[in-house]
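> The following block contains the structure, expressed as structure tokens.
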Amino acid sequence: MRLNDAVIGLVLVIFALAEITYSTTFPSLHGQKFGPSLFPILIGCGLALCGLILIVRGVISRRTPDNGDNEWVVLGDWAQSPTTRINMMLVPGLLIAYILLSDTIGFLPLAFLILATLLYRLGSSFLSAAIIAIVTTVLLQLLFARVLLVPLPAGITGNLFG
Amino acid sequence: MDTILQAFALVFDFKVLGVMLASALFGLFVGSIPGLTATMAAALLIPFTFFMDPVPAIAAIVTTVAMAIFAGDIPGALLRIPGTPASAAYCDEAYAMTRKGKAETALGISLVCSAIGGIFGSLILAMTAPALAEFAIKFSSFEYFWLACLGLSCAVVVSSGSTLKSFVSLLLGLFIATIGIDITAGHPRFTFGSVEMMGGISFIPAMIGMFAISEVMRFIASPENQQAAPQQATKHVFRGLGGILSKYKLNVARGGFIGAVVGILPGAGSDIAAWIAFAMSKRFSKEPEKFGTGHPEGLVDAGTANNAGLAGAWIPALVFGIPGDSITAIVIGVLYMKGMNPGPTVFMNQPELIQAVFIVFFLANLALLPLGFLAIRLSRNILRVPRHVLIPIILMFCVVGAFAINNTVFGISVMLFMGVLAYIMESNGFPVAPTILGIVLGSMLESNFMSSMIKADGEFSGFFSRPIAATLGVIVILIWVIPLVRLIINQLRKPRLA
């Protein structure tokens, strides 16, 4: 995903202004001129300044014709084909699903689902996706839960191989 | 003498050697698969090092990375796809040799030069780090403040891409470092009431996100077709190497030196070392016209430089806690986790650990010769492993790894966020390395600034009151002023020329 410099600059300026405004609410140290707000405010000023330069640069490059940088936002090649478009959404989607559901559903079923879905979407056949997903899930569970003693969420299946 | 014996006992332990062998195979595998980088290999290792003692943990990272940087040359020479970014500089040259039927020689040069470069870098590390540590023991918060500034400035100036974008990247990293309870007043910053945010952004999940998840997304965005397995013979790798190496022995020394020095600079790692060494090689060559036609000279320089850079990066990391590249940034995170806070005091209090690190470096680079040879022989099989199968497995591995650091899903959220951020940044020409340095050095910068300010009663002149601090301060100011002055002069000259 390519964004014009001006778009990035605008996002940075808005973010920096919000960050500076919020930082001014931090309390100051007793008897000191500087407090917890100093560094965030300095960082915010830096970001705002860089953002402004990026906006100027972006607008200028957009006015110059024929350098291929005339769009505000250019989606990557992945947006052209529906397959890669869905795959790109799947990665954050599956991870968010894991973050929200792993406590109730558990590691084993979710890891299997994530692996099988991605393997299948990226070109493995249905059967090999299922087999690779099962083997990997069980190996990960054995390695992390049994050998390294990581408390992977048990969920509905309980600790089958833990 | 006693500490050296202790160090040998620490390294030559059945468990440590076993860990090193396993990491070596892992590093060779990851390095030779295009799209999987050496830094990613180190990031994937962290969940395991979490459960190890300091010496095996460090040994695992050192060995993996040394192997991966060499292994990156294999697909570079055989398929013209660098296995890691550190091999990109001379990938075309190596492939040109392959097209002339000299694949074995190209791989042999890569292997032997990698090992020599690694040992050269290890020597420089073992010789300079303890001396520097003795010097650094006198440093106070003033000097550390300037050192952190120096590290961050280098990261911006040295990194690839536009300086403005590097600076934005650095500021983002510094901002991320401010999240959590602030160190001087104990006030929560940018936590929005979340208890988990109060502890700050855990560094390790952030690294896994920036180096592994972003790589996963990049593969999914443009799945390259599986490459055909290479057909070249890879039997007589060492044939004829003696002549080439003795002809270019000066190049070996120069490559090793450039690699170590570039490695020491914060923010610049093996990949930049290889580019610089290759360019120098061409610039000072007696036969520059042969470059690009499958000429071994550049391979010698750059192949030595990228492995020498690995050890160089450990010098500021061990002595000051300032990472020389993104891999040592991970290492610093691991060392803190192990309670072995990098800095001159480690050299005084646990010299056997430091000696053990040096021994591990030598051992890993010596082991590179036989194991690298094995990897070259097996390259056809390794390169046949389908990446569309590996990528989902790596993703699931990252999820478990990010979870295992604190045993909460918060780590996974951090990993996802940083992964998406790194992906967007890299697709728009923002280098990621300054962000990493900002996250690592942010709290060091702020806490040293605050305690210096309290010591100096709020007078900024205190930062120049000690000779070393003043020198460092002037260097930092010059790093920022000189490019600005040059920019202004160029701007003033332009209209006159037109």
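Just so you know, the sequences run in chain order A and B. Residues 1 to 162 in full-length UniProt numbering are what the first sequence lists, from first letter to last. Residues 1 to 498 in full-length UniProt numbering are what the second sequence lists, from first letter to last. From the three backbone atoms N, C-alpha and C, an ideal C-beta is built for every residue, glycine too.
Tell me which same chain residues have a C-beta within less than 6 Å of the C-beta of Lys455/B, skipping the five on either side of it?
Nothing meets the Cβ criterion.
> Kindly indicate which residue of Phe26/A, Leu75/A, Met89/A, Tyr98/A has the alpha-carbon position closest to the one of Asn428/B.
Leu75/A
> Can you tell me the Cα-Cα spacing of Pro205/B and Ala185/B, whole angstroms?
26 Å
> Taking Val360/B as the reference, which of Ala60/B, Ile327/B, Ile33/B, Lys102/B has the closest Cα?
Ala60/B
> From what residue to what residue does the alpha helix (DSSP H) around Ser427/B run?
410-427
> Ignore the nearest five residues each way along the sequence and tell me which others in Ser122/B's own chain have a CB closer than 7 Å to its CB.
In its chain, beyond the 5 residues on either side, Ala311, Phe358, Phe361, Phe362, Asn365 have a beta carbon closer than 7 Å to the beta carbon of Ser122/B.
> Any idea if Thr471/B is buried or exposed, counting beta-carbon neighbours within 10 angstroms, 16 or more meaning buried?
exposed
> With respect to the alpha helix (DSSP H) encompassing Asp301/B, which residues constitute its N-terminal and C-terminal limits?
296-312
> Measuring straight from C-alpha to C-alpha, what distance separates Leu497/B and Gly151/B?
Low local confidence applies: a pLDDT of 48 at Leu497/B is under 50, so the model's placement there is unreliable, with the coordinate-based value given in what follows. Using only the alpha carbons, I get a separation of about 37 Å.
> Answer yes or no: does any C-beta atom of chain B fall closer than 8 Å to that of Thr136/A?
yes
> Go ahead and label Thr63/B buried or exposed: buried means 16 or more other beta carbons lie within 10 angstroms of its beta carbon, across all protein chains shown.
Counting the other CB atoms within 10 Å of its CB gives Thr63/B a total of 16 or more, which places it among the buried residues.
> Using a Cβ-Cβ distance under 8 Å, would Thr104/A count as near chain B?
no
> Using the C-alpha atoms, what's the distance from Ser447/B back to Ser465/B?
19 Å
> Please tell me whether Met67/B has its Cβ less than 8 Å away from any Cβ of chain A.
no
> What residue range does the alpha helix (DSSP H) around residue 499/B cover?
This structure cannot settle anything about residue 499/B, because the visible part of chain B is limited to 1 through 498.
> Leaving out five residues on either side along the sequence, give the residues of the same chain with a beta carbon under 7 Å from the beta carbon of Arg85/A.
Trp78, Ala79
> Assign Val168/B to one of two classes, buried (16 or more other C-beta atoms within 10 Å of its C-beta) or exposed (fewer than that).
Counting C-beta atoms within 10 angstroms of its own C-beta, Val168/B has 16 or more neighbours from the protein chains shown and is therefore classed as buried.
> According to DSSP, is Ile33/B part of a helix, a strand, or is it coil?
The answer is coil: DSSP assigns Ile33/B none of H, G, I, E or B.
> Mind checking Leu445/B: buried by the 16 CB within 10 Å criterion, or exposed?
buried
> From the DSSP secondary-structure annotation, give me the bridge partner or partners of Ile181/B.
Listed as beta-bridge partners of Ile181/B by DSSP are Pro188/B.
> Counting contacts by CB-CB distance shorter than 8 Å, is Ser61/A in contact with chain B?
Ser61/A does not count as touching chain B.
> From Phe120/B to Ala221/B, what does the alpha carbon distance come to, in whole angstroms?
Taking the Cα positions, Phe120/B is about 39 Å away from Ala221/B.
> Would you verify that the beta carbon of Ser222/B is, or is not, closer than 8 Å to some beta carbon of chain A?
yes
> Count the other CB atoms, across all protein chains shown, that sit within 10 Å of the CB of Asp103/A; report buried if there are 16 or more and exposed otherwise.
exposed
> Could you work out which residues of chain A lie near Ser166/B, taking near to mean beta carbons separated by less than 7 Å?
Here the premise fails: no neighbours, minimum Cβ distance about 10 Å.
> Reducing DSSP to helix, strand and coil, say where Arg377/B ends up.
helix
> Could one say the Cβ of Asn448/B lies closer than 8 Å to chain A's Cβ atoms, at least one of them?
No, its Cβ sits nowhere closer than 8 Å to a Cβ of chain A.
> Quick one: is Ser23/B near chain A, going by C-beta distance under 8 Å?
no
> Can you look up Arg2/A in the DSSP assignment and give me helix, strand or coil?
strand
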